[in-house]
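Report on the following structure.
2 protein chains.
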Amino acid sequence: MNSVNLKQLAQELNLSVSTVSRALRDSWEISTPTKQRVFDLAKKMNFQPNPYASSLRKHRSRTIAVVIPEVANNFFALAIKGIETVAREKGYHVLIYLTNEEVAEEMAIAASLQSGRVDGVILSLCGSTQDTRHLLDLQQRNIPLVFFDRVSDGITAPKVMTNDHESGFIATEHLIKAGCRRVAHLTISMSLSISHKRQQGYEDGLRRYDQPWDPDLVIHCGSDEEVNYRMIKELFLSDKRPDGVFASVEKLAVQVYHVCRELGLRIPEDVKVISFSNLVTASLLSPSLTTIAQPAYDMGKEAATILFRRLEKKYIVVPEDRVMLPAKLEVRASTMSS
Amino acid sequence: MNSVNLKQLAQELNLSVSTVSRALRDSWEISTPTKQRVFDLAKKMNFQPNPYASSLRKHRSRTIAVVIPEVANNFFALAIKGIETVAREKGYHVLIYLTNEEVAEEMAIAASLQSGRVDGVILSLCGSTQDTRHLLDLQQRNIPLVFFDRVSDGITAPKVMTNDHESGFIATEHLIKAGCRRVAHLTISMSLSISHKRQQGYEDGLRRYDQPWDPDLVIHCGSDEEVNYRMIKELFLSDKRPDGVFASVEKLAVQVYHVCRELGLRIPEDVKVISFSNLVTASLLSPSLTTIAQPAYDMGKEAATILFRRLEKKYIVVPEDRVMLPAKLEVRASTMSS
DNA sequence: CTGTTAGCGCTTTCAA
DNA sequence: TTGAAAGCGCTAACAG
Numbered sequence: 001m002n003s004v005n006l007k008q009l010a011q012e013l014n015l016s017v018s019t020v021s022r023a024l025r026d027s028w029e030i031s032t033p034t035k036q037r038v039f040d041l042a043k044k045m046n047f048q049p050n051p052y053a054s055s056l057r058k059h060r061s062r063t064i065a066v067v068i069p070e071v072a073n074n075f076f077a078l079a080i081k082g083i084e085t086v087a088r089e090k091g092y093h094v095l096i097y098l099t100n101e102e103v104a105e106e107m108a109i110a111a112s113l114q115s116g117r118v119d120g121v122i123l124s125l126c127g128s129t130q131d132t133r134h135l136l137d138l139q140q141r142n143i144p145l146v147f148f149d150r151v152s153d154g155i156t157a158p159k160v161m162t163n164d165h166e167s168g169f170i171a172t173e174h175l176i177k178a179g180c181r182r183v184a185h186l187t188i189s190m191s192l193s194i195s196h197k198r199q200q201g202y203e204d205g206l207r208r209y210d211q212p213w214d215p216d217l218v219i220h221c222g223s224d225e226e227v228n229y230r231m232i233k234e235l236f237l238s239d240k241r242p243d244g245v246f247a248s249v250e251k252l253a254v255q256v257y258h259v260c261r262e263l264g265l266r267i268p269e270d271v272k273v274i275s276f277s278n279l280v281t282a283s284l285l286s287p288s289l290t291t292i293a294q295p296a297y298d299m300g301k302e303a304a305t306i307l308f309r310r311l312e313k314k315y316i317v318v319p320e321d322r323v324m325l326p327a328k329l330e331v332r333a334s335t336m337s338s
Numbered sequence: 001m002n003s004v005n006l007k008q009l010a011q012e013l014n015l016s017v018s019t020v021s022r023a024l025r026d027s028w029e030i031s032t033p034t035k036q037r038v039f040d041l042a043k044k045m046n047f048q049p050n051p052y053a054s055s056l057r058k059h060r061s062r063t064i065a066v067v068i069p070e071v072a073n074n075f076f077a078l079a080i081k082g083i084e085t086v087a088r089e090k091g092y093h094v095l096i097y098l099t100n101e102e103v104a105e106e107m108a109i110a111a112s113l114q115s116g117r118v119d120g121v122i123l124s125l126c127g128s129t130q131d132t133r134h135l136l137d138l139q140q141r142n143i144p145l146v147f148f149d150r151v152s153d154g155i156t157a158p159k160v161m162t163n164d165h166e167s168g169f170i171a172t173e174h175l176i177k178a179g180c181r182r183v184a185h186l187t188i189s190m191s192l193s194i195s196h197k198r199q200q201g202y203e204d205g206l207r208r209y210d211q212p213w214d215p216d217l218v219i220h221c222g223s224d225e226e227v228n229y230r231m232i233k234e235l236f237l238s239d240k241r242p243d244g245v246f247a248s249v250e251k252l253a254v255q256v257y258h259v260c261r262e263l264g265l266r267i268p269e270d271v272k273v274i275s276f277s278n279l280v281t282a283s284l285l286s287p288s289l290t291t292i293a294q295p296a297y298d299m300g301k302e303a304a305t306i307l308f309r310r311l312e313k314k315y316i317v318v319p320e321d322r323v324m325l326p327a328k329l330e331v332r333a334s335t336m337s338s
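First to last, the sequence lines map onto chains A and B. Just so we're aligned, residue 1 is where the first sequence starts under full-length UniProt numbering, counting upward by one. Just so we're aligned, residue 1 is where the second sequence starts under full-length UniProt numbering, counting upward by one.
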């Protein structure tokens, strides 16, 4: 690193290091002409202050960490984009850590983050995390933590998530308004609270529009694609064949697609399908398929905004718990790049 | 930050700071019993060395920057994953910066990276970048740069990219081996070198298998989806209806899908389609559709590996230009999460 | 084997 | 309005 530093600037200008430092941060205690001289030389010499020296001295790194289970998933990718956007706006840098859905990695990362490397952390838990001591440790070190999407109930911290109830409601409403009379709901692992809430929204949607709730139209799917396929097929072969399907996750919508293909049913003419999705797969089901998109980008921005509000200590010490962003109904064009 | 530091450890143990420092880095000049005492107390007090102090002192941050045009694109997301994996293995941290395809942002980021914040940079150019002075500045500051995917010919630096010629060849070969006799090729903006190379691969593939090359089977598509759709439809309605299509980008494969749907052609029974893709859209075309996937993850790992090799100064100062990773033919199962 | 010392480059009192 | 000086926490000569 052959970089110029304050000392060199100071020597060149016959000023003290401290004066140069102050001038560069536009301190009011420096005369305008001096500032000008300093600015000019700094630009000329392409001076870049050493961030680590500054961090060491100020105990602030202007860096945050984003810890997520994976990135090869449009949801998290968009969230990162939201976070990065806000971060750069505020002059922060973003470190990224992937847990790969491994609790052990999450813990190791959390431990390493105790070093003061970052001023704050935005985190989405990996699926299997139960014990959250490693996160409490972070908070004890005064490193603010903001959860998003996959939150933990056991920790007091701001949480940014989608309003799954509302999302389920909107999806159901959409199908009913589109003329469906037998709306099925495909769920996944009911142990997840999101599934639960989406189903609540589904039921409330039916109720709101005076549709009967039929337990046979709710299929609890699991992780075995084969089994899911069979269950969905059975549903379509039964006397309760749905004319609308609300799939809680996109892979289930894909299964519906395959079932319909096998049975010679057309989408969306015979069966309308709506699904949560941040992928583009869905656009193939129909050129104008409607999806429920988690507002990933907005969630990222929101999480970052909340974190920075804490970091800049705006004296709002209200632990604003649970910000719920509404899901968005989206008609997607098929826009994809290579 | 209430963190413990070396001084506190030293006091507690009646040792000097430097001894503790050395012990923690497992220096050979410290006795085993002393090391043990130090380790134990460090663990007990949950000591985490301040990375910024260390960076300041050593002029190395063990941090790299990844600069990419966007992240909401499976290719770059996977690349990040590859980079992060290698980085964590080597004990490095990864800062992420998005240019949003804006040259101005790319330049600003490059400028800020001159501060010594990172030891090296992995970068994929944004589409419009012509002038690469900002990157030369980085190199002049002795910050190694590794390109991946979107490389610049104007700069001497390692470049990791996919072998587009080979990819085009493989795709064509696959269709021919699957029994296709009239393989069409859908290209995009021939100004891009990747399109050019893929087409070369296509032509060489035909030649290799003694298939005639028919200019009518090559459609140069543009950015207007409507127009592309019409051109593809015309091709299928002509007397040269293809039984195999090699789409250079996925969105063109999608258009083929729509055209086939309209014309009542089945995929893959009547027409086989193969496409470049790192998205999962393709899996819908057929449960077992074959795609040509850019080896994004591997490219990320490769780029990171090359970068770290430089950083760790293995005295291999061979500027290993242009590492070309082969594209991979993939039969994809439809694996998607919410 | 361990300690002393002198910084890394910057910020921030405290003086002038 | 400017300067001198004391560190932030850690590392690396150089001594012992």
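Glycine included, every Cβ here is placed at the ideal spot set by N, Cα and C. For clarity, every value in this text was computed on a predicted model and none was experimentally measured.
| Item | Value |
| --- | --- |
| From what residue to what residue does the alpha helix (DSSP H) around methionine 107 of chain B run? | 103–112 |
| When the cut-off is 8 Å and only beta carbons count, does lysine 328 of chain B lie next to chain A? | no |
| With C-beta atoms as the reference, is phenylalanine 276 of chain B less than 8 Å away from threonine 172 of chain B? | no |
| Would you verify that the beta carbon of isoleucine 96 of chain A is, or is not, closer than 8 Å to some beta carbon of chain B? | yes |
| Take the Cβ of lysine 301 of chain A as the centre, count every other Cβ of all protein chains shown within 10 Å, and call the residue buried at 16 or more, exposed below. | buried |
| Taking Cβ-Cβ distances shorter than 8 Å, what residues in chain B pair up with asparagine 50 of chain A? | Leu56, Ser115, Gly116 |
| Identify the contact partners of lysine 272 of chain B in chain A, using a Cβ-Cβ distance below 7 Å as the criterion. | Correct list: empty, because the minimum Cβ distance to chain A is about 17 Å. |
| Hey, how far is the Cα of proline 287 of chain B from the Cα of lysine 251 of chain A? | Reliability fails at proline 287 of chain B, whose pLDDT of 48 lies under 50, so the model's placement of it is uncertain and the value that follows must be treated cautiously. Taking the straight line from one Cα to the other gives about 12 Å. |
| Whose CA, out of A/Val94, A/Ser128, A/Ala87, lies closest to the CA of glutamate 102 of chain A? | A/Ser128 |
| Between the segment 99–119 of chain A and the segment 75–90 of chain A, do at least 3 Cβ pairs fall closer than 8 Å? | no |
| Please decide whether arginine 208 of chain B counts as near chain A, where near means a Cβ-Cβ distance under 8 Å. | no |
| Taking all protein chains shown into account, do 16 or more other C-beta atoms lie within 10 angstroms of the C-beta of glutamine 199 of chain A, making it buried, or fewer, making it exposed? | buried |
| Glycine 124 of chain B and aspartate 149 of chain B: beta carbons closer than 8 Å? | For the sequence presented, residue 124 of chain B should be read as serine rather than glycine. Against a cut-off of 8 Å, the Cβ pair of aspartate 149 of chain B and serine 124 of chain B comes out as a contact. |
| Am I right that lysine 240 of chain B and arginine 182 of chain B are in contact with their C-beta atoms under 8 Å? What's the rounded C-beta distance? | 6 Å |
| Serine 288 of chain A CB to nearest chain B CB: under 8 Å? | Confidence is the limiting factor: at serine 288 of chain A the pLDDT is only 47, short of 50, which leaves the residue's position unreliable, though a coordinate-based value still follows. It does not; no Cβ of chain B falls within 8 Å. |
| Are valine 71 of chain A and tyrosine 97 of chain A touching if we call contact CB-CB under 8 Å? | no |
| Following the continuous beta strand (DSSP E) through phenylalanine 276 of chain A, name the residue where it begins and the one where it ends. | 272–276 |
| Give me the Cα-Cα distance between residue 408 of chain B and phenylalanine 75 of chain A, rounded to the nearest whole angstrom. | Given that chain B is displayed from residue 1 to residue 338, the structure contains no residue 408 of chain B and the question cannot be resolved. |
| Measure the alpha-carbon distance for valine 121 of chain B versus lysine 58 of chain B and round it to whole angstroms. | 19 Å |
| Could you tell me which residues DSSP pairs with phenylalanine 147 of chain B in its beta bridges? | B/Leu123, B/Lys159 |
| Tell me, please, which residues DSSP counts as bridged to methionine 324 of chain B. | B/Met161 |
| For proline 69 of chain B, which residues in the same chain have their Cβ closer than 8 Å to its Cβ, ignoring the five residues on either side in sequence? | Phe76, Leu98, Thr99, Asn100, Glu101, Ser124, Leu125, Cys126, Gly127, Arg150 |
| Return the chain-ordered ranges of every beta strand (DSSP E) run that is complete within the segment 168–225 of chain A and spans a minimum of 3 residues. | 183–188, 218–221 |
| Count the other CB atoms, across all protein chains shown, that sit within 10 Å of the CB of leucine 263 of chain A; report buried if there are 16 or more and exposed otherwise. | exposed |
| Measuring straight from C-alpha to C-alpha, what distance separates serine 18 of chain B and serine 27 of chain B? | 11 Å |
| Are the C-beta atoms of serine 223 of chain B and some chain A residue less than 8 Å apart? | no |
| List the DSSP bridge partners of tyrosine 97 of chain B. | B/Val67 |
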